[in-house]
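A.B. asks:
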Amino acid sequence: MSSSAEPAVPSEPPQGSADASVPAQAQSAPAAEPSAADAAPPSHLQAPEPLSKNALKRARKQQAWEAGREDRRLKRREKRLAHKQKVRTERAALVAGGADPRVVYRRDRPPAAPLVPLAIVLDCDFESYMTDKERVSLSSQVTRAYSDNRHASYRAHLWVAGFRGKLAARFDEVLQAQQRHWKGASVFEGDFAACAAAARAQMASFQTVTPASEQEEQEKVAGQHQPANEQLMIGALRRSLENPAPWPRDARDPLPLDEPEPPLDPAFGDVVYLSSDSPYTLTRLEPGTTYVVGGLVDKNREKGIRTARLPIGEYMVMRSRQVLATNHVVAIMLRWLEHEDWGKAFLSVIPKRKGGRLREGAAEGEEGEAEAEEEVEEEEDDGEQAAEGDDSELGDGEAERAGENNNSEQVEVTRKMAGTA
1 MSSSAEPAVP SEPPQGSADA SVPAQAQSAP AAEPSAADAA PPSHLQAPEP
51 LSKNALKRAR KQQAWEAGRE DRRLKRREKR LAHKQKVRTE RAALVAGGAD
101 PRVVYRRDRP PAAPLVPLAI VLDCDFESYM TDKERVSLSS QVTRAYSDNR
151 HASYRAHLWV AGFRGKLAAR FDEVLQAQQR HWKGASVFEG DFAACAAAAR
201 AQMASFQTVT PASEQEEQEK VAGQHQPANE QLMIGALRRS LENPAPWPRD
251 ARDPLPLDEP EPPLDPAFGD VVYLSSDSPY TLTRLEPGTT YVVGGLVDKN
301 REKGIRTARL PIGEYMVMRS RQVLATNHVV AIMLRWLEHE DWGKAFLSVI
351 PKRKGGRLRE GAAEGEEGEA EAEEEVEEEE DDGEQAAEGD DSELGDGEAE
401 RAGENNNSEQ VEVTRKMAGT A
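Using the UniProt record's numbering, count along the sequence shown one by one with no gaps and you end on 421.
Below, the structure written as structure tokens:
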């Protein structure tokens, strides 16, 4: 018999036994399966959320508009050249028929309207919060304000503050940089306060001519061209200077501040920010003053800047909301310089669709205004109920976009001016 033993072969543990070297918790835990987060691709590779039907429709419409931009430009050019050729032919025929060439070619054009010592600043500093549609509307209002000022009986120093971002890009690309050819108007990248300082310096660099009488003023207006460095102190502004208008505070503050209103800052003593939220009513325009057409007023009151609203409620009874576009506010002030009458200025500018009429009596005016306010309140209640009903049927993403649209509409309202009673 051999005494040597065969090497022991380690036997496998029984099926129900456990290895002592491995913790029992590890043995009993099943193999971990890959989680959904680990299996999902990185966030930047995830497919974007599908657009709604309306969003797709707007995107296709915008693409079609961009694709046809060059064709529209060529058609406008051809139409312009054809019109010029037609005018040349008609004028040549008139001159050949014996007409006076000076009359035919309009060589005796009337002089440009006189410039007055008053500045108007369009505050566009909120354009970054606007939608593309609101930005298009704002650019149209700016161009119309420039046209109204250029063709008015009396011109003001016109400035556009906050001219940057997508608004400036639209003017440069879509509107062919027309602001570079403006006459009597300037654009400014900074805020309205810095722009008002530039307008103040510009008015100070002009020589102010004060006529001795109304007859002399009319002669200067109908006379020769106004020198480039001269501004005319017309009768309406001269009377505001001789008899300063009071600056009373309204009994009701449309937008009360949390803290007491600070005193006016002397550095902005010649600046008035126009807004419907102001507790002060504008009675007259003052010479050497810069009027800012904007929206948000609470921050400016905290800065110690004078604010005011147009006296629409004192002169007009409106059947709709007393909200005016930026160019309408500019046109109203220009018409006041011409007539020195807010009633005539409102009637000649406010769109007829708003159903405005002059006040004939205090009782009638108060009754009409109360009815208008009731209509506005009903419209607001109906709009809020409709918005709540629509949001309840939307998904999370569409409801969020609806909230963004509501915020943008509020920004659009602040971009417009109104003179509430």
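We put the CB at the ideal spot given by N, CA and C, even for glycine.
Apart from the five residues just before and just after residue 268, which ones in its own chain have a Cβ nearer than 6 Å to its Cβ?
C.D. replies: Locating residue 268 in the sequence shown gives position 268, where the first residue counts as 1. So the list reads 305, once near-sequence residues are dropped.
A.B. asks: Can you have a look at residue 187 and say buried or exposed, based on whether 16 or more other CB atoms are within 10 angstroms of its CB?
C.D. replies: As a position in the sequence shown, residue 187 is number 187, starting the count at 1. Around the beta carbon of residue 187, a 10 Å sphere encloses 16 or more other beta carbons of the protein chains shown; the residue is thus reported as buried.
A.B. asks: Quick one: Cα of residue 115 to Cα of residue 281, how far?
C.D. replies: Here residue 115 corresponds to residue number 115 of the sequence shown, with the count starting at 1. Here residue 281 corresponds to residue number 281 of the sequence shown, with the count starting at 1. The straight-line gap from Cα to Cα measures roughly 26 Å.
A.B. asks: Going by beta carbon distance, what residues of the same chain come within less than 6 Å of residue 283, once the five residues before and after it are set aside?
C.D. replies: Looking up residue 283 in the sequence shown gives position 283. So the list reads 245, once near-sequence residues are dropped.
A.B. asks: Give the range of the alpha helix (DSSP H) segment to which residue 172 is assigned.
C.D. replies: Translated into the one-based positions of the sequence shown, residue 172 becomes position 172. Start and end: 165-173.
A.B. asks: Tell me whether the beta-carbon of residue 274 lies closer than 8 Å to the beta-carbon of residue 240.
C.D. replies: In the sequence shown, counting from the first residue as 1, residue 274 sits at position 274. In the sequence shown, counting from the first residue as 1, residue 240 sits at position 240. In this structure, residue 240 does not lie closer than 8 Å to residue 274 by Cβ.
A.B. asks: Looking only at its own chain, which residues have a Cβ that is under 8 Å from the Cβ of residue 289, when we skip the five neighbours before and after it?
C.D. replies: As a working mapping, residue 289 is identified with position 289 in the sequence shown. So the list reads 118, 119, 270, 271 and 272, once near-sequence residues are dropped.
A.B. asks: Does DSSP put residue 287 in a helix, a strand or coil?
C.D. replies: Here the question's residue 287 lines up with position 287 in the sequence shown. Here residue 287 sits in coil by DSSP.
A.B. asks: Please classify residue 135 as buried or exposed, where buried requires at least 16 neighbouring CB atoms within 10 angstroms.
C.D. replies: If you number the sequence shown from 1, residue 135 lands on position 135. Counting of Cβ neighbours within 10 angstroms places residue 135 among the buried residues, the total reaching 16 or more.
A.B. asks: Name the DSSP bridge partner or partners of residue 119?
C.D. replies: As a position in the sequence shown, residue 119 is number 119, starting the count at 1. For residue 119, which the question treats as bridged, DSSP gives the partners 157 and 290.
A.B. asks: Give the DSSP-derived three-state secondary structure of residue 198 in the structure shown.
C.D. replies: Against the sequence shown, residue 198 aligns to sequence position 198. Residue 198 falls in the helix class under three-state DSSP.
A.B. asks: List the endpoints of the continuous alpha helix (DSSP H) containing residue 92.
C.D. replies: Against the sequence shown, residue 92 aligns to sequence position 92. Looking at the DSSP string, the run of the alpha helix (DSSP H) that includes residue 92 is 69-96.
A.B. asks: What do you reckon, are the CB atoms on residue 276 and residue 309 nearer than 8 Å?
C.D. replies: For the purposes of this step, residue 276 is taken as the residue at position 276 of the sequence shown. For the purposes of this step, residue 309 is taken as the residue at position 309 of the sequence shown. Contact: yes.
A.B. asks: From which residue to which residue does the beta strand (DSSP E) around residue 185 run?
C.D. replies: As a first step, residue 185 is located in the sequence shown; it is residue number 185 there, counting from the start. Looking at the DSSP string, the run of the beta strand (DSSP E) that includes residue 185 is 185-187.
A.B. asks: Could you pull out every unbroken beta strand (DSSP E) segment of at least 3 residues lying fully inside the stretch 313-345, listed in chain order?
C.D. replies: none
A.B. asks: Taking one C-beta from the stretch 122-140 and one from the stretch 159-171 each time, how about it: are there three or more such pairs within less than 8 Å?
C.D. replies: Counting Cβ pairs under 8 Å, three or more are found: they touch.
A.B. asks: Is there contact here, the stretch 180-194 with the stretch 144-151, by at least three beta-carbon pairs under 8 Å?
C.D. replies: yes
A.B. asks: Just how far apart, CA to CA, sit residue 228 and residue 70?
C.D. replies: By 1-based counting over the sequence shown, the position of residue 228 is 228. By 1-based counting over the sequence shown, the position of residue 70 is 70. Distance from the CA atom of residue 228 to the CA atom of residue 70, rounded to whole angstroms, is 38 Å.
A.B. asks: With three or more C-beta pairs closer than 8 Å as the rule, is the stretch 128-146 touching the stretch 312-320?
C.D. replies: no
A.B. asks: Can you say whether residue 243 is buried or exposed, counting buried as having 16 or more other CB atoms within 10 angstroms of its CB?
C.D. replies: If you number the sequence shown from 1, residue 243 lands on position 243. By the neighbour-count rule (16 or more Cβ atoms within 10 Å), residue 243 is not buried but exposed.
A.B. asks: Taking all protein chains shown into account, decide if residue 105 is buried (16 or more other Cβ within 10 angstroms of its Cβ) or exposed.
C.D. replies: Residue 105 sits at position 105 when you count from the first residue of the sequence shown. Exposed, by the Cβ-count rule.
A.B. asks: Quick one: using the 10 Å Cβ neighbour count with 16 as the cut-off for buried, is residue 54 buried or exposed?
C.D. replies: Here residue 54 refers to the residue found at position 54 when the sequence shown is read from its first residue. For residue 54, the number of other beta carbons within 10 angstroms of its own is below 16, and it is reported as exposed.
A.B. asks: Going by C-alpha to C-alpha distance, which of 89, 354 and 86 sits closest to residue 323?
C.D. replies: Position 323 of the sequence shown, counted from the start, is the residue given in the question as residue 323. When only C-alpha atoms are compared, the closest one is 354.
A.B. asks: Checking the sheet assignment: what are the DSSP bridge partners for residue 230?
C.D. replies: Along the sequence shown, read from residue 1 onward, the residue named residue 230 stands at position 230. DSSP lists 207 as partners of residue 230.
A.B. asks: Could you check what DSSP says for residue 429 in three-state terms: helix, strand or coil?
C.D. replies: Within the shown structure, residues of the chain are numbered from 1 to 421, placing residue 429 beyond reach of any answer.
A.B. asks: In three-state terms, what does DSSP make of residue 357?
C.D. replies: Counting from one through the sequence shown, the residue named residue 357 turns up at place 357. Looking at residue 357 - three-state DSSP - the assignment turns out to be strand.
A.B. asks: How far does the beta strand (DSSP E) with residue 274 in it reach, from first residue to last?
C.D. replies: The count along the sequence shown starts at 1 and reaches residue 274 at position 274. Counting along the chain, the beta strand (DSSP E) containing residue 274 begins and ends at 271-274.
A.B. asks: Check residue 245 in the structure and name its three-state DSSP category.
C.D. replies: Taking the sequence shown and counting its residues from 1, one reaches residue 245 at position 245. Correct three-state label for residue 245: coil.
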